[in-house]
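Chains as they are written, first to last, in the working numbering: chain F, 869 to 1126; chain Y, 869 to 1126.
Note that the Cβ used here is the ideal one computed from N, Cα and C, for glycine as well.
Protein chains: 2
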Amino acid sequence: MASAKERSLNVRLVVEYHGGYFYGFQWQPNLKTVQSELERVLSVVLKEPIVPVYPSGRTDSGVHARRQVINFFCSEEPDLNKLIHAVSSLLKGELGVLRADIVPSNYNSRKSARSKQYSYWILNRRAPPTFHKGLALHLSKALDVERMNKEAASFVGKHDFSSFRGANCSAETTVREIYKSAVKREGDFVVFEIEGSGFLQHMVRIMTGTLIEFGNGNFQDRTMKEILETRKRSAAGPTAPAHGLYLDWVETKEGERL
Amino acid sequence: MASAKERSLNVRLVVEYHGGYFYGFQWQPNLKTVQSELERVLSVVLKEPIVPVYPSGRTDSGVHARRQVINFFCSEEPDLNKLIHAVSSLLKGELGVLRADIVPSNYNSRKSARSKQYSYWILNRRAPPTFHKGLALHLSKALDVERMNKEAASFVGKHDFSSFRGANCSAETTVREIYKSAVKREGDFVVFEIEGSGFLQHMVRIMTGTLIEFGNGNFQDRTMKEILETRKRSAAGPTAPAHGLYLDWVETKEGERL
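So, in structure tokens, the structure goes:
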């Protein structure tokens, strides 16, 4: 077997995946996850026994990725075009490789990420989705997008996001920095885009669930700023379902949007 | 049973549908078509025995519609919001009603259509579709979009489109007027948009198949103008598959884009 030491070649992939096919990114016993499928397929394609993959960050069960970044080590330089083709073919319709690069051996997907953008897609019309089944949350009642956008602006800056933290979140600190946060209408969709240094477990989904409360005319007694300041999960809205959420892209410390 | 004469109320619907669920628009014995499903569901919702529906034009088996226009007659004024909800729910994920209006009794979806736009979507990248399975044609090899757009411009104007006519086309005349025809790149997609007074059977798909030949660097010995002028189907390229094609919208004689 090839030992880890012989694997000096560091390969970075940009991948997209449909969250509906996976129990999240991280490996779990007996469950199909992005990590387990990628490692299984890379092992086949590279003919190496075990190929651990390292993501820019995990995504939860059901969450989609448009441009997730991972890296792995191998012992021989692979044909990158063949690698893109082979991995995409073996995981056809579930995960696709959009880009592959050889990167310096000290490159680490998580540490090299300066910021990430997530977006949450709501199909806001009477008819349920035809072309976006499982790819957007459907809400029939017209949302007050202006109000949602106003409240979403309160997320920008460095804050303690304890109010927007999932119950099982294991992060040591709850302070994160948000660079951009906005809600806009795009045709029949209402889209929440948020860019930040990092995110707590379920953070964007709880933010979305809270924005939807404002959009529905609820939460008349509070503002997003107040919800943030309470640092209590109970002050925020429910966790929006996973299938409307996308990891859009990851930006490196050098400012490259992958 | 209610007779046709009692049905003086004319209702127009704008609908979207996923072509993959239907054997085209038109009723066919023992096959699930857009017409048969709409008529079945409208009969249930309106509690009327048979509710014939009239489209702006048929779409072929497998072709999608973003905004197809149909009309039907009924005897009592329906609650349009309930109608949208009920029909969309009964055909959930396959067909959705985007809009419903009461129109003058002499309104006819086909005759009132001044123009229509179709678009053909090609996912032009190495990885197969993850979020657009069955919703775009996948071509791995990079297409020459500039060349395609140049050749597509030849369709504009009033021409005899015999070269782009399906073998089973029953149209009496082969002259149609095209108002707009262009190919552009949108991210990983190459999109062919064509607006015209009307289209022959398979016309847009044969046009697309021919444009792909140019985009692949083939057909060095001819131009689109020459293919048009031969009036021979054999001079054009193959018929592109149905699942990349969308009826985008229908414009009325009054200039309203439905």
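Cβ neighbours of residue i in the same chain (closer than 6 Å, five flanking residues each side left out)
i: R993 of chain F; result: D1056
i: S1030 of chain F; result: T1042, R1099
i: K1048 of chain Y; result: E1063
i: P1160 of chain Y; result: Because residue 1160 of chain Y is not part of the residues shown, which for chain Y are 869 to 1126, the question remains open.
i: K984 of chain Y; result: V1118
i: S980 of chain F; result: T1120, K1121
i: G888 of chain F; result: G1002
i: N936 of chain F; result: In the sequence as presented, Asn is not what sits at residue 936 of chain F; that position holds Gln. V883, L1115, listed in sequence order.
i: C1037 of chain F; result: L1068, Q1069
i: A872 of chain Y; result: Confidence in A872 of chain Y is poor, its pLDDT being 49 and thus under 50, which makes the residue's placement unreliable; the coordinate value appears in the next sentence. Closer than 6 Å at the Cβ level, and outside the excluded window around A872 of chain Y, lies no residue.
i: V1024 of chain F; result: I1046, S1049
i: V931 of chain Y; result: G887, A1110, L1113
i: P1106 of chain F; result: G1077
i: R1053 of chain F; result: V1013
i: S956 of chain F; result: G964, V965
i: Q1088 of chain Y; result: none
Amino acids of chain Y, ordered along the chain, whose beta-carbon sits closer than 7 Å to that of residue i
i: Y891 of chain F; result: What Y891 of chain F touches in chain Y: nothing, since even the nearest Cβ is about 17 Å away.
i: V965 of chain F; result: A995
CB-CB length for residue i against residue j, believed under 8 Å
i: G1123 of chain Y; j: K1001 of chain F; result: Between K1001 of chain F and G1123 of chain Y the Cβ distance is about 34 Å, and since that is not below 8 Å, they are no contact.
i: N939 of chain F; j: V912 of chain F; result: In fact, because the Cβ distance is near 18 Å, the residues do not count as touching under 8 Å.
i: M1016 of chain F; j: G1112 of chain F; result: Not a contact, Cβ separation roughly 14 Å.
i: V909 of chain F; j: L959 of chain F; result: 6 Å
i: A1039 of chain Y; j: T1078 of chain Y; result: That belief does not hold up - the Cβ atoms of A1039 of chain Y and T1078 of chain Y are roughly 19 Å apart, past 8 Å.
i: S977 of chain F; j: R880 of chain F; result: 7 Å
i: H886 of chain Y; j: T927 of chain F; result: At roughly 27 Å, the Cβ-Cβ gap does not stay under 8 Å, so H886 of chain Y and T927 of chain F are not in contact.
i: F1060 of chain F; j: A1020 of chain F; result: 6 Å
Minimum C-alpha distance to residue i - residue among the options
i: L948 of chain F; options: F:D969, F:N939, F:S924, F:A1020; result: F:D969
i: V1051 of chain Y; options: Y:H1070, Y:A1004, Y:D1012, Y:F1087; result: Y:D1012
i: Q1069 of chain Y; options: Y:L1126, Y:S929, Y:F1060, Y:V965; result: Y:S929
i: V1118 of chain Y; options: Y:Y986, Y:Q1088, Y:S1022, Y:I1095; result: Y:Y986
i: S817 of chain Y; options: Y:S1065, Y:S876, Y:R1053; result: What the structure shows of chain Y is the stretch from 869 to 1126, and residue 817 of chain Y is not part of that stretch, so it cannot be assessed.
i: V882 of chain Y; options: Y:I918, Y:P917, Y:V931, Y:L966; result: Y:L966
i: K1018 of chain Y; options: Y:R935, Y:A954, Y:T1091; result: Y:T1091
i: H953 of chain Y; options: F:V955, F:R934, F:S1008, F:Q1088; result: F:S1008
i: R1033 of chain F; options: F:L877, F:R934, F:S973, F:I1095; result: F:I1095
i: S973 of chain F; options: F:L877, F:E1054, F:A1035; result: F:L877
i: A1035 of chain Y; options: Y:R1101, Y:S956, Y:V1058, Y:A933; result: Y:R1101
i: I990 of chain Y; options: Y:V1058, Y:D1089, Y:E1097, Y:V955; result: Y:V1058
Partners in chain F for residue i, counting only beta-carbon separations shorter than 9 Å
i: G961 of chain Y; result: P996, P997, T998, K1001
i: H1111 of chain Y; result: Neighbours of H1111 of chain Y on chain F: none; closest Cβ ~12 Å, over 9 Å.
Partner residues on chain F for residue i, Cβ-Cβ distance less than 8 Å
i: S956 of chain Y; result: R994, A995, P996
i: Y885 of chain Y; result: T998
8 Å Cβ cut-off: residues of chain Y touching residue i
i: I1080 of chain F; result: By Cβ distance, chain Y contributes nothing, its closest Cβ being about 20 Å from I1080 of chain F, past 8 Å.
Beta-carbon proximity list for residue i, same chain, < 7 Å, skipping 5 on both sides
i: Q903 of chain F; result: F893, Q894, W895, V921
i: L914 of chain F; result: C942, P946
i: V919 of chain Y; result: E907, L910, S911, F940, C942
i: G1085 of chain F; result: D1012
i: R982 of chain Y; result: E1119, T1120, K1121
i: P897 of chain F; result: none
i: M1071 of chain F; result: F1029, F1032, R1033
Contact set between residue i and chain Y, taken where Cβ atoms lie within less than 9 Å
i: L952 of chain F; result: It should be noted that the sequence gives Ile, not Leu, for residue 952 of chain F. Those are R994, A995, listed as they occur along chain Y.
Same chain, Cβ closer than 8 Å to residue i, five either side skipped, listed in chain order
i: E874 of chain F; result: S943
i: A1108 of chain F; result: Y988, L1005, R1073, I1074, T1076, G1077, I1080
i: Y891 of chain Y; result: L899, K900, T901, S929
i: A870 of chain Y; result: Any reading at A870 of chain Y must be qualified, since the residue scores a pLDDT of 46, below 50, and its modelled position is unreliable; no value is offered.
i: K1093 of chain F; result: S1022
i: R934 of chain Y; result: E884, Y1114, L1115, D1116, W1117
i: D1028 of chain Y; result: T1042, V1043, L1096, R1099
Residue i Cβ short of 6 Å to the ligand PLP heavy atom set
i: A1039 of chain Y; result: The ligand PLP is absent from the structure shown, which contains no ligand whatsoever.
Worksheet item: What runs of the alpha helix (DSSP H), each 4 residues or longer, lie entirely inside the segment 1075-1121 of chain Y?
Response: 1092-1098
Worksheet item: Which residue spans inside the segment 1021-1072 of chain Y form an unbroken alpha helix (DSSP H) run of at least 4?
Response: none
Item to complete: Entirely within the segment 925-988 of chain Y and at least 3 residues each: give me those beta strand (DSSP E) ranges in chain order.
Response: For the segment 925-988 of chain Y, whole beta strand (DSSP E) runs of length 3 or above, ordered along the chain, are 932-942, 963-971.
Fill in: Every unbroken beta strand (DSSP E) within the segment 899-929 of chain F, with a cutoff of 3 residues, ordered by chain
921-923
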